[in-house]
Each structure stands twice: as C-alpha cells, then as structure tokens.
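The block underneath contains the structure these notes are about, expressed in structure tokens.
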Amino acid sequence: MGFKCFMAYYWLSRFLESMWFTWVSQMNHIPMNIDYDKNVDWVSTQLQATCNVDQSMFNDWFTGHLNFQIEHHLFPTMPRHNYWKVAPLVKHLCAKHGIEYQSKPLLTAFADILHSLKDSGDAWLEAYQHM
1 MGFKCFMAYY WLSRFLESMW FTWVSQMNHI PMNIDYDKNV DWVSTQLQAT CNVDQSMFND
61 WFTGHLNFQI EHHLFPTMPR HNYWKVAPLV KHLCAKHGIE YQSKPLLTAF ADILHSLKDS
121 GDAWLEAYQH M
C-alpha cells in the first residue's frame, strides 16, 4: 500500500467516524426542549435534556450502548455495557415520580435531528436574510 492509498483510507475512515459520532451523539440531545431553565431538580433536568433510542442488538452495537443516553447522564462513570441493567430501575423511578422517560426508534431519532437542524436554519435565515 502506497502513501496515497494509506492517506485515502485514513481520511475515509476519519470521515465515516466523524459522521457516525455526530449522528450517535446528537440524536439524543439536539431535538430536546432545553431552551430555558425550568428550575427543577438535577435528575429531572437530565431527563428533560436527553432521551434514549429504543434498545435492540443493532442499536446497542451501533451506538456503543449510548442509546441509553438517560442512564449515561445519570450514571456517567458506569460502564456503558451495564446501562441496560439500570434502565428498568430508572423507568420505575420516573413512573413513581411522574417524570417522562423518553425513548424513541432509531429512525425517528435521526429524523428529529434533521427537523431540529431545519428549524435552526429557518430561524437563522429569518434573522439574517434581510440584513
């Protein structure tokens, strides 16, 4: 393998990694309604600021278990492969205290990113189009 081929593979892998990381890390955050501080406790704030993507063998693998973003925010030092173990306990706690536990299908999470980005673009266009 020559240097040019090596560099092509290197940059292709970096591009794919970057795209993967952006989609995986943002699908749980960007679409959430966190514009204003609602003066609620820390746990409720974490549950309003993020959501999970439904568990499946593929989603666990594809996201490196970060489809459990709620548990990731509540237990940041817990090994990611254990999030599925505490998810039922967190769901029970949320139900007990009337806090919404949000989880959605993977394709819905991806679509929510696109909708949020479009809304942001429309707001920017409205603000700066007539300057």
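Residue numbers (full-length UniProt numbering): 1 to 131. Using N, Cα and C, we set each Cβ at its ideal position, and we do this for glycine too.
Residue pairing for Lys118: DSSP places it in no beta bridge. With distances taken between CA atoms, Gly64 lies nearest to Trp23 out of Asn39, Trp23 and Lys118.
Close CB contacts of Asp54 within its chain, under the 8 Å cut and outside five residues either way in sequence, are with Asn67, Ser103, Lys104, Pro105 and Leu106 (chain order). For Ser25, DSSP records no beta bridge to any residue.
For Gln129, there is no enclosing alpha helix (DSSP H), as DSSP marks it with neither H nor E. Of Ala123, Met19, Asn59 and Lys4, the smallest CA-CA separation from Thr108 is found for Asn59. With fewer than 16 other Cβ atoms from the protein chains shown falling within 10 Å of its own Cβ, Leu125 counts as exposed.
Under the 10 Å beta carbon count, Gln129 is surrounded by fewer than 16 other beta carbons and is classified as exposed. Distances from the CA of Leu74 to each of Asp112, Gly2, Val90 and His81 were compared; the closest alpha carbon is that of Val90.
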